[in-house]
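Numbering (the working numbering), first residue to last: 399 to 560. Read the structure below first, then the notes.
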């Protein structure tokens, strides 16, 4: 398989979130048949879904990979497990690390446990702001261009940290 570009959303609001993100970047750089090209800055955002929890730190990573979308998703889940992520409790509750496969090679995939592009990414400033740093003109299949999507949402609860 030839190499493709994938964008990964990262988020954490537990167990030293800044360290969790750095550890996840390191995990992405070690994925087989993949290369971490770059990542966005870190953003602080209000929690999504369950309000009574700490703010999140978020970022997006750009990855070049020869893995299939399913293999890449499995690799992301492995990184989460290694970081101590447990998938229990509320769906949008607190977490040590969350890695979402946002976009994979311009593909539209809807399979059991795998939806690409990420179905709610166009609603989320904590995804679109860091993604726009890396690829503002990216056409997200079936959704639109990142910069235009960002114009249509309220991003006031999401700020870049320096």
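Cβ atoms here follow ideal geometry from the backbone N, Cα and C, with glycine treated the same way.
query                                                                                                                    : result
Residue 433 versus residue 553: straight-line alpha-carbon distance, rounded                                             : 30 Å
Straight-line gap, residue 514 to residue 560 (C-alpha atoms, nearest Å)                                                 : 30 Å
Pairwise C-alpha distance: residue 416 and residue 479                                                                   : 17 Å
Proximity below 8 Å, CB of residue 470 to CB of residue 424                                                              : no
Three-state secondary structure (DSSP) of residue 551                                                                    : coil
Coarse secondary structure for residue 473, derived from DSSP in three states                                            : helix
Cα-Cα separation between residue 429 and residue 444, rounded to whole angstroms                                         : 30 Å
Test item: CB-CB of residue 441 and residue 457 under 8 Å                                                                : yes
Proximity to residue 525 [Cα-Cα], best of 438, 420, 492, 421                                                             : 438
Cα-Cα separation between residue 426 and residue 536, rounded to whole angstroms                                         : 21 Å
Close Cβ partners of residue 474 (< 7 Å) along its chain, the five nearest in sequence each way excluded                 : 406, 497, 499
Range covered by the alpha helix (DSSP H) that runs through residue 425                                                  : 415–427
For residue 468, the three-state DSSP class (helix, strand or coil)                                                      : helix
Nonlocal neighbours in the same chain, by C-beta distance under 6 Å from residue 520, ignoring five residues either side : 541, 547
For residue 410: DSSP bridge partner residues                                                                            : 455
Minimum C-alpha distance to residue 400 - residue among 454, 410, 465                                                    : 465
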